[in-house]
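Accompanying notes for the structure given below.
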Amino acid sequence: MKRTLCVLYFYFICVICGDSYEYKEEGSSCVQLGSPGICKRITECEEAMDSLKRHGKHDLLRCGFVKDEEVVCCHGFFFDRNPTIERTTVDSRTVWSTNDIDDGKKPNGKRMSERMCDKYIKEYKIKPEINFHIINGEDAKIGRFPHMAALGFRSDSDENIIEFNRCSGSLISTKFVLTAAHCMFCAICKNPVLVRFGVINITDTKDAQDIEVKNIILGDYNYTSKHNDISLIELMKDVTTSRTVYPACLYTSPDDPISLIITGWGNTVNTQRNVRPAVLQQARIAPVEVAECNSTFARVDKVSPKVIMHTQICAISESDACEGDSGGPLQVVRKDGAYGIVGIVSFGIGCGTKIPGVYTRVYTFLDWIEQKVWPG
């Protein structure tokens, strides 16, 4: 406690002569680069405290002070001005009943994402793979996961350097990547500016297909609860499809598959060292009931336990996904050989633990995805 007070006092001394104030009272509404927030004491703002612990600073708008404690604009997030940020409302409740969708939009009883999947299978000649086998933590083979996308962010030390070590995503059309909203939501984070396709080794620039980001589409992501952790990246141009680059299907069933696959460039062992493999990793995991998941999080995270909802999936494995896998796919191999994106890596506690990882359930956001990716 004494150490925390010293850090905050030192921080107070450093910032009183810094940026200009918004001069708003505690509890007042505030706006930060177009994002609404509330003026809160810094010790009550999770994103500010998280940023201070990780980086020793924060870039949140300052509302003023209450006695010696800084008041900041909490839940207002900073974004790069380029690419464009589009905010939309995600109503996941409507997706549970596909019967509500106009039959005129569902030829042969299929919704848009199902029709696009049929198109992908035919166009890219997708067939069931014989002897498909995954060993946890094993390097993926080239072409095994052609929908994998690595998000590129400008380096904090040099804006001319693009780093691909923070988040990944899934190509779901020739121009859209599905990923997590939390990859865009952080007090000092920058937005992805580039997306890399077609490689297993993330450092491979020879065979990589790099495409600039045109637009980022966000739903109503909740920073504290982690609900609605989903976003879409619109690319500046269509990808050039090949045997190593083509879209995955969206999983359109409300039922969780028995066996799931995670892929990513994240940490492979439970360690404090921030070491990430350059080669894409793969592992199998199994779903966990939401009730059991909530019970586990209530026990292990008593400070700020998360409430898992029907819009999320819990899954567990000794080779669970880590921070570097954020936004990456939770997927299943369909009988026809195509991949179905079941979830999006959202959050967890540590790596390789007995605590379930949490994933955004794609099925509950199908309407929203289809409206943005295949409008009309």
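Going by mature numbering (1 follows the signal peptide of the UniProt record, and there is no 0), the letters in the sequence shown line up with residues -20 to -1, 1 to 356, in that order. Glycine is no exception: its CB is placed at the ideal position from the N, C-alpha and C atoms. Just so we're clear, the structure is a prediction, and the values are computed from it rather than from any experiment.
Three-way DSSP call (helix, strand, coil) for residue i in this model
| i | result |
| --- | --- |
| R61 | Low confidence applies to R61: its pLDDT is 36, below 50, so where it sits in the model is not reliable, and the reading given next is rough at best. Coil, per DSSP. |
| W76 | Legend: pLDDT at W76 = 32, less than 50; position of this residue unreliable, no value from coordinates given. |
| C97 | helix |
| T154 | coil |
| F277 | helix |
| V259 | strand |
| I349 | helix |
| E6 | coil |
| T291 | coil |
| Y104 | coil |
| C54 | strand |
| C163 | helix |
| I81 | Per-residue confidence for I81 stands at a pLDDT of 36, beneath the threshold of 50, marking its modelled position as unreliable; no derived number is given. |
| G17 | strand |
| I(-8) | Any reading at I(-8) must be qualified, since the residue scores a pLDDT of 38, below 50, and its modelled position is unreliable; the value itself is stated next. I(-8) falls in the helix class under three-state DSSP. |
| I321 | strand |
| E272 | helix |
| Y343 | helix |
| E118 | strand |
| E49 | strand |
| G44 | strand |
| G89 | helix |
| T251 | Because T251 carries a pLDDT of 43, less than 50, the predicted location of this residue cannot be relied on, and the following value inherits that uncertainty. T251 falls in the coil class under three-state DSSP. |
Beta carbon proximity, residue i to chain D, threshold 9 Å
| i | result |
| --- | --- |
| Q12 | In the structure shown, chain D does not exist; there is a single protein chain. |
Supposed close pair residue i, residue j - CB separation, criterion 8 Å
| i | j | result |
| --- | --- | --- |
| A263 | I242 | 5 Å |
| F144 | A130 | 4 Å |
| P227 | S148 | Actually they do not touch by this definition, with Cβ atoms about 15 Å apart. |
| P267 | D236 | 4 Å |
| A120 | I180 | 6 Å |
| T276 | P336 | 6 Å |
| V342 | L230 | 6 Å |
| I296 | V270 | About 13 Å; that fails the 8 Å criterion. |
| H127 | S150 | 5 Å |
| I324 | Q311 | Contact flag wrong, Cβ pair sits at about 10 Å. |
| R146 | C163 | 7 Å |
| G307 | T183 | The Cβ separation is near 19 Å, so there is no contact. |
| G132 | I122 | Rounded, the Cβ-Cβ distance is 20 Å, inconsistent with contact. |
| K20 | I197 | Contact flag wrong, Cβ pair sits at about 28 Å. |
Residues that residue i bridges to, as DSSP identifies them
| i | result |
| --- | --- |
| A228 | Partner(s): none; A228 has no beta bridge. |
| R264 | I241 |
| M128 | S150 |
| F144 | Note: F144 sits in no beta bridge, so no partner. |
| V312 | G320 |
| I296 | A266 |
| G337 | A295 |
Would you call the region 134 to 142 in contact with the region 209 to 220, where contact means no fewer than 3 C-beta pairs closer than 8 Å? no
Stretch-stretch touch, CB-based, cutoff 8 Å, three pairs: the region 187 to 204 with the region 227 to 241: no
Would you mind listing the beta strand (DSSP E) stretches within the region 167 to 226 that are 3+ residues and don't spill past its ends, in chain order? 174 to 177, 189 to 198 and 211 to 215
Contact the region 91 to 107 vs the region 307 to 317: 3+ CB pairs below 8 Å: yes
Could you say if the region 5 to 13 and the region 38 to 52 meet the contact criterion of at least three C-beta pairs nearer than 8 Å? yes
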